[in-house]
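Trainee: What the sequence shown shows, in my numbering, is residues 11 to 185, in sequence order.
Glycine is no exception: its CB is placed at the ideal position from the N, C-alpha and C atoms.
Okay, here's the structure, questions in a sec.
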Amino acid sequence: MKYHLNIILLALRAAIVLVFGMVAFYALNIYDSILNPNAETVVDSYLPQFKIPQFIIPPAWGTPVFLSLYLLLLIYLIFKLLELHKSLANLKNGHVFYERQSAEFKSAGSGIIIFAKCQYLLFCTLGTLVYANIAIFLTELPWFFALYLIGKFVLLLHYMAQKGEFLREENELTV
């Protein structure tokens, strides 16, 4: 059991470091897009523009807005992943059904689902409005479903921890 938890915790630490790297990368892109509004950014290469005469929102200020909102979402994800890491680390240390465990799992799972939904909405709305990329609705679906299922799995852990807490309390009252 501890071996598997160590692997999960290691993967979670790697994900947190990766998201920190993404935050730094997007922060530098925000800075660059503000200093050079007409320069090509990472968003320009990810959301290719169709040949439409006029954009609804000009990319010169749409790109920094997109990057800023995505940066805030990534910071939110970091906090939720850290909360999940703390809960799993307590589980590894032998604290199986402690008082706040189910609440921590619920908060982390709900946070991952909220991140998935907000990320999908952000990419679809600004990808469509700024870059006129209709295909983004389909290209973002696999990432949305993957994050959504991970969040649901963590919510399943919440349910199991909640029932475990109840059984532990019943056992203590019986003894």
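Assuming the contact rule is C-beta atoms closer than 8 angstroms, L83 and F125 should be a hit. Round their C-beta distance to whole Å, please.
Mentor: About 6 angstroms separates the two Cβ atoms, so the contact holds.
Trainee: Between which residues of its own chain and A37 is the CB-CB distance below 7 angstroms, once the five residues before and five after are set aside?
Mentor: Counting only Cβ-Cβ distances below 7 angstroms, and skipping sequence neighbours, we find L81.
Trainee: Measure how close the beta-carbons of L22 and L94 come, nearest whole angstrom, since I'm counting them as under 8 angstroms.
Mentor: Yes, they are in contact, since the Cβ atoms of L22 and L94 sit about 7 angstroms apart, within 8 angstroms.
Trainee: Do you know whose CA, among N39, F107, Q111, lies nearest S97's CA?
Mentor: It is Q111.
Trainee: Report the three-state DSSP secondary structure of H105 (helix, strand or coil).
Mentor: Residue state, collapsed to three classes: coil.
Trainee: Could you give the distance in angstroms between the alpha-carbon of F115 and the alpha-carbon of F89?
Mentor: Approximately 13 angstroms, taken between the alpha carbons.
Trainee: Ordered along the chain, which non-local residues of its own chain (more than five positions away) have a Cβ less than 6 angstroms from that of L136?
Mentor: Within the same chain, L136 has close Cβ partners F76.
Trainee: Please name the residue in I44, H105, I144, A118 whose C-alpha comes closest to that of R178.
Mentor: Measuring from the Cα of R178, the nearest candidate turns out to be H105.
Trainee: Along the chain, where does the alpha helix (DSSP H) that runs through V33 open and close?
Mentor: 12-45 is the span of the alpha helix (DSSP H), which, as asked, contains V33.
Trainee: Is it buried or exposed, P152, if we count other Cβ atoms within 10 angstroms and call 16 or more buried?
Mentor: Exposed, by the Cβ-count rule.
Trainee: Suppose you measure from the CA of I17 to the CA of F107; what does that come to, to the nearest Å?
Mentor: For I17 and F107, the distance between alpha carbons rounds to 21 angstroms.
Trainee: According to DSSP, is I144 helix, strand or coil?
Mentor: Reduced to three states, the DSSP call for I144 is coil.
Trainee: If I measure Cβ to Cβ from Q64 and keep anything under 8 angstroms in the same chain, skipping five residues before and after, which residues do I get?
Mentor: With a pLDDT of only 49 at Q64, under the threshold of 50, the placement of this residue in the model should not be trusted, and no figure is reported.
Trainee: Compare the beta carbon distance of F163 and Y130 with 8 angstroms and say whether it is the shorter of the two.
Mentor: Not in contact: F163 and Y130 (Cβ atoms no closer than 8 angstroms).
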